[in-house]
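Novice:
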Amino acid sequence: MTNRADLKTMIQQADHMVALTGAGISTLAGIPDFRGPQGLYRQPGAERIFDIHWFRRDPAIYYEACREMIYGLDRYAPGPVHTLLARLEQVGRLKAIITQNIDMLHQKAGSRHVIEAHGSPIQHHCIRCGHCATFDEVCALLKQHGPVALCTQCGAAYKPDVTFFGEALPEAALAEAVAQARQADLMLVLGTSLTVHPVAALPGETLRTGGKLVIVNAQPTSFDDRAQLCLPDLAAFAETVGAWFEE
Numbered sequence: 252m253t254n255r256a257d258l259k260t261m262i263q264q265a266d267h268m269v270a271l272t273g274a275g276i277s278t279l280a281g282i283p284d285f286r287g288p289q290g291l292y293r294q295p296g297a298e299r300i301f302d303i304h305w306f307r308r309d310p311a312i313y314y315e316a317c318r319e320m321i322y323g324l325d326r327y328a329p330g331p332v333h334t335l336l337a338r339l340e341q342v343g344r345l346k347a348i349i350t351q352n353i354d355m356l357h358q359k360a361g362s363r364h365v366i367e368a369h370g371s372p373i374q375h376h377c378i379r380c381g382h383c384a385t386f387d388e389v390c391a392l393l394k395q396h397g398p399v400a401l402c403t404q405c406g407a408a409y410k411p412d413v414t415f416f417g418e419a420l421p422e423a424a425l426a427e428a429v430a431q432a433r434q435a436d437l438m439l440v441l442g443t444s445l446t447v448h449p450v451a452a453l454p455g456e457t458l459r460t461g462g463k464l465v466i467v468n469a470q471p472t473s474f475d476d477r478a479q480l481c482l483p484d485l486a487a488f489a490e491t492v493g494a495w496f497e498e
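Here the working numbering is used: the first residue of the sequence shown is 252, the next is one more, and so on.
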């Protein structure tokens, strides 16, 4: 176990630092964890919400459940970890963010190189004709025309470019995530318990190529015994590291 005092040295000496982020960094911003006590997956019929077969059958199931959780995201500001990572990228320390989150807060914080391993609602596509609509356009449709965002070209439902159960993960994003993990000489694992595969295996790619891990998460992970440093408090981590890179 590396002493916490060495964390600054590891970050400063890293040539290719990458962050892997999960729901924990967004709960700091006030967004409930999908898998937490108040999350979407605790709702009745939760298994249907992000299921592609149910979406094709009845998209209202998804839209009703996600009206606030997804289409109300504009009321949330980035949390301290989002802000820190954007700053680290700005000063040239962080090369990429691999995120399991679909809340777009990394982009809102100003991060540019964000790999969204589970997709993103930034864009939606019609399930019938493939017409593309932006997140803002879909929000406007929901406010103006009712419970389901319907395609302005053919009238079928718009589906977010988020990976639903029954769909494959976005190949290009996953390939880029693996490449970044292998290139990383330091991976910051932030706010994820590393239980959802294949993203959960990415720290192993960093270790196999000689890189180091720093894990900051309230719960233990399967990589804790191989990490250089494990910390439980994301907010304290963001405050400490942020102070090193203040303008």
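Ideal Cβ placement from N, Cα and C applies to all residues, glycine included.
Keep in mind that this is a model prediction, so the values were computed, not measured.
Can you tell me where the alpha helix (DSSP H) with Leu335 in it begins and where it stops?
Specialist: Looking at the DSSP string, the run of the alpha helix (DSSP H) that includes Leu335 is Pro331 to Gln341.
Novice: Touch check for the region 415-422 and the region 385-394: three-plus C-beta pairs under 8 Å?
Specialist: They do not touch, by the three-pair rule.
Novice: Which whole runs of the alpha helix (DSSP H) in the region 263-323 are 4 residues long or more, in chain order?
Specialist: Those alpha helix (DSSP H) runs which fall completely within the region 263-323 and span 4+ residues are 274-278, 297-300, 303-308 and 311-317.
Novice: Please work out which residues of its chain come closer than 7 Å, Cβ to Cβ, to Leu345, disregarding the five sequence neighbours upstream and downstream, and give them in chain order.
Specialist: So the list reads Met268, Ala270, Leu336 and Leu339, once near-sequence residues are dropped.
Novice: Could you check what DSSP says for Gln374 in three-state terms: helix, strand or coil?
Specialist: In the structure shown, Gln374 sits in a strand (DSSP, three-state: E or B).
Novice: Taking buried to mean at least 16 other C-beta atoms within 10 Å of its own C-beta, is Ser473 buried or exposed?
Specialist: Burial call: exposed.
Novice: Start and end of the alpha helix (DSSP H) containing Glu418?
Specialist: Counting along the chain, Glu418 falls outside any alpha helix (DSSP H), and DSSP gives it neither H nor E.
Novice: Under 6 Å Cβ to Cβ from Met252, same chain only, skipping five residues before and after it: list those, please.
Specialist: Residue confidence is low: Met252 scores 40 on pLDDT, short of 50, so the model does not pin down where it sits. No coordinate-derived value is stated.
Novice: If you drop the 5 nearest sequence neighbours on each side, which residues of the same chain put their C-beta closer than 7 Å to that of Asp257?
Specialist: Contacts found: none.
Novice: With hydrogens ignored, establish whether the beta-carbon of Thr443 is closer than 7 Å to any heavy atom of the ligand GDP.
Specialist: The ligand GDP is absent from the structure shown, which contains no ligand whatsoever.
Novice: Measuring CB atoms only, is the region 403-417 touching the region 301-308, in the sense that at least three cross pairs come out at less than 8 Å?
Specialist: Contact between the region 403-417 and the region 301-308 is present, because at least three Cβ pairs lie under 8 Å.
Novice: At the level of alpha carbons, what is the spacing between Asp354 and Glu367?
Specialist: Each residue's alpha carbon lies about 10 Å from the other.
Novice: Whole-angstrom Cβ separation of Ile373 and Val332, contact assumed at under 8 Å?
Specialist: Not really, about 20 Å apart at Cβ, beyond 8 Å.
Novice: I'd like the span of the beta strand (DSSP E) that includes Glu367, first residue to last.
Specialist: From DSSP, the beta strand (DSSP E) with Glu367 extends over Val365 to Glu367.
Novice: Taking DSSP as the reference, what is the three-state secondary structure of Met438?
Specialist: Looking at Met438 - three-state DSSP - the assignment turns out to be strand.
Novice: Around the Cβ of Cys380, are there at least 16 other Cβ atoms within 10 angstroms (buried) or fewer (exposed)?
Specialist: Answer is exposed; the Cβ neighbour count stays below 16.
Novice: Could you check which residue in Gly461, Val492, Val450 and Lys463 has the C-alpha nearest to that of Thr350?
Specialist: Out of Gly461, Val492, Val450 and Lys463, Val450 has the C-alpha closest to the C-alpha of Thr350.
Novice: Just the Cα atoms here: how many angstroms apart are Val492 and Gln341?
Specialist: Roughly 14 Å separates the two Cα atoms.
Novice: Using 10 angstroms around the beta-carbon of Thr343, count the other beta-carbons present and answer buried if the total reaches 16, otherwise exposed.
Specialist: This sequence places Gly at residue 343; Thr is not what is there. Exposed is the call here.
Novice: Looking only at C-alpha atoms, which of Pro283, Ala347, Gly330 and Ala328 sits nearest to Cys317?
Specialist: Of the candidates Pro283, Ala347, Gly330 and Ala328, the one whose C-alpha sits nearest the C-alpha of Cys317 is Pro283.
Novice: Secondary structure at Pro398, three-state DSSP: helix, strand or coil?
Specialist: Coil.
Novice: I need the straight-line Cα distance from Ala469 to Gly406, nearest angstrom please.
Specialist: About 45 Å.
Novice: Spell out the partners DSSP gives Cys383 in its beta bridges.
Specialist: Per DSSP, His376.
Novice: Could you name the residues of the same chain whose beta carbon sits closer than 6 Å to that of Arg433, not counting the 5 residues immediately before and after it, in chain order?
Specialist: For Arg433, where only same-chain residues beyond five positions count, the Cβ hits under 6 Å are Glu456 and Thr460.
Novice: What's the gap between the Cα of Ala297 and the Cα of Glu315?
Specialist: Their Cα atoms are separated by approximately 12 Å.
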